[in-house]
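Here the structure is laid out as structure tokens; the discussion comes afterwards.
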Amino acid sequence: MHATELIAHRGYSSKYPENTLASIEAALSAGAKFVECDIQMMADDEFILMHDDNLKRSSGINKSVFSLTSSTIRHFQADYYSVFSGQFSGIKIPLLDNALSLFKQFPDATILIEIKEDSLNEYGVEHVMKKLFSELKSIKDRCYIISFNAEAIEYTKNNSDFKTGFVLHTYDEESHQQADELNPDMLICNYRKLPELNAEGKFPDNTLWPGEWLWALYLMDNAQLALDYGKAGINLIETNHIGLLLQHEQLKPISDNK
Numbered sequence: 006m007h008a009t010e011l012i013a014h015r016g017y018s019s020k021y022p023e024n025t026l027a028s029i030e031a032a033l034s035a036g037a038k039f040v041e042c043d044i045q046m047m048a049d050d051e052f053i054l055m056h057d058d059n060l061k062r063s064s065g066i067n068k069s070v071f072s073l074t075s076s077t078i079r080h081f082q083a084d085y086y087s088v089f090s091g092q093f094s095g096i097k098i099p100l101l102d103n104a105l106s107l108f109k110q111f112p113d114a115t116i117l118i119e120i121k122e123d124s125l126n127e128y129g130v131e132h133v134m135k136k137l138f139s140e141l142k143s144i145k146d147r148c149y150i151i152s153f154n155a156e157a158i159e160y161t162k163n164n165s166d167f168k169t170g171f172v173l174h175t176y177d178e179e180s181h182q183q184a185d186e187l188n189p190d191m192l193i194c195n196y197r198k199l200p201e202l203n204a205e206g207k208f209p210d211n212t213l214w215p216g217e218w219l220w221a222l223y224l225m226d227n228a229q230l231a232l233d234y235g236k237a238g239i240n241l242i243e244t245n246h247i248g249l250l251l252q253h254e255q256l257k258p259i260s261d262n263k
């Protein structure tokens, strides 16, 4: 992996409703080698692709995802009207299984599955993670399980051989200690939480915590900024504008660079 691999944040989320099959397929078709999506667990223990624990933002309905099942979710759309003004009317909220079926059509890609803290708090870490391991076992070699929840990452490391990504709430000594204890395969952070690059395009001394993990930063929607952080030592850059950034010659996946 070179220093400027890109992750499609919730798919091609600047042009399509986030966490939908349309968004994921658009990202993969544009050439994304890494795609991130969020999941929540419903009342019947099935997972859907959804960032929030309520359908208000996605569907315009004040309804908890924890009251839904795989049979009732089909009645709600995910058009994100406030963002796309009805352009994607009728687009559905996908089950995780639907997304995995699509993902399997792109064998060179890796998926980052973020299990949301809302579901972990609602149903308990062990219950959620056991079900998630079962759901993802067919793509285990091309999958990272990621979360802000340290207990979920610890459980994954202790009870499976899935790769893990710990998403940082804060960039401070407490989080540094957690990262050292968890030793995930990837550390993920909003780039604005880190000190800015200096005039030489480098992080101040001791900014990036040393470890065997990959570093991933979000959300960068500017190609030059992504290149600058890549040169400063960041392995992965997460963006809403995956198609746009992939047009930059230096940000194309290795296999596409001649």
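Residue numbers (this note's numbering): 6 to 263. Beta carbons are placed, not taken as given, at the ideal position from N, Cα and C, and that holds for glycine.
Of the residues ILE120, SER106 and GLY170, the one placed nearest SER143, counting alpha carbons only: As a first step, residue 143 must be located in the sequence shown, where it is residue number 138. The candidate whose alpha carbon is nearest that of SER143 is SER106.
Under three-state DSSP, which class holds GLY65? Against the sequence shown, residue 65 aligns to sequence position 60. If DSSP states are grouped into helix, strand and coil, GLY65 belongs with coil.
Using the Cβ count rule (16 or more neighbours within 10 Å means buried), how would you classify GLU131? Here the question's residue 131 lines up with position 126 in the sequence shown. So GLU131 ends up on the exposed side.
Taking GLU41 as the reference, give the member of GLN229, ILE247, LYS257 and GLU122 with the closest Cα. Residue numbering aside, residue 41 sits at position 36 when the sequence shown is read from its first letter. For the residues GLN229, ILE247, LYS257 and GLU122, the minimum Cα distance to GLU41 belongs to ILE247.
So, is GLN82 buried or exposed, given that buried needs 16 or more other C-beta atoms within 10 angstroms? For the purposes of this step, residue 82 is taken as the residue at position 77 of the sequence shown. Buried, since its Cβ has 16 or more Cβ neighbours within 10 Å.
If I follow the unbroken beta strand (DSSP E) through ALA48, where does it start and stop? Counting from one through the sequence shown, the residue named residue 48 turns up at place 43. Looking at the DSSP string, ALA48 is not in any beta strand (DSSP E), and its letter there is neither H nor E.
For my contact list, THR161 and THR169 are in at a C-beta cut-off of 8 angstroms; report their separation, rounded to the angstrom. Looking up residue 161 in the sequence shown gives position 156. Looking up residue 169 in the sequence shown gives position 164. Rounded, the Cβ-Cβ distance is 5 angstroms, consistent with contact.
Can you check whether the CB of PRO189 is closer than 7 angstroms to the CB of ILE150? Numbered from its first residue, the sequence shown carries residue 150 at position 145. Numbered from its first residue, the sequence shown carries residue 189 at position 184. No; because the gap between Cβ atoms is not below 7 angstroms, this pair is not in contact.
Run through the region 165-211 for me and flag every whole alpha helix (DSSP H) of 4 or more residues, listed as ranges in chain order. Within the region 165-211, the complete alpha helix (DSSP H) segments of 4 residues or longer fall at 178-187, listed in chain order.
Between which two residues does the beta strand (DSSP E) holding GLU119 run? Looking up residue 119 in the sequence shown gives position 114. In the DSSP assignment, GLU119 falls within the beta strand (DSSP E) that extends over 115-120.
So the beta strand (DSSP E) TYR223 belongs to, where does it begin and stop? The sequence position of residue 223 within the sequence shown is 218, counting from 1. Element bounds for TYR223: 219-223.
Check LYS263 in the structure and name its three-state DSSP category. Counting from 1 along the sequence shown, the entry for residue 263 is found at position 258. Bear in mind that a pLDDT of 41 at LYS263, under 50, signals an unreliable position, so the model cannot answer this.
If we ignore side chains and look at the alpha-carbon of each, how far apart do TRP220 and LYS97 end up? The residue given as residue 220 occupies position 215 in the sequence shown. The residue given as residue 97 occupies position 92 in the sequence shown. Each residue's CA atom was taken as its position, placing TRP220 and LYS97 some 33 angstroms apart.
Kindly list the residues whose CB is nearer than 6 angstroms to the CB of LEU141, restricted to its own chain and excluding five residues on each side of it in sequence; keep chain order. One-based indexing of the sequence shown puts residue 141 at position 136. Non-local beta-carbon contacts of LEU141 in its own chain, meaning distances under 6 angstroms to residues more than five positions away in sequence, involve CYS148 in chain order.
Taking the DSSP output, what are the residues bridged to HIS14? In the sequence shown, residue 14 corresponds to position 9, counting from 1. Checking the DSSP bridge columns, you'll see HIS14 partnered with GLU41.
Residue interval of the alpha helix (DSSP H) (run including LEU250): On the sequence shown, residue 250 is found 245 positions in, with the first residue counted as 1. 247-251 is the span of the alpha helix (DSSP H), which, as asked, contains LEU250.
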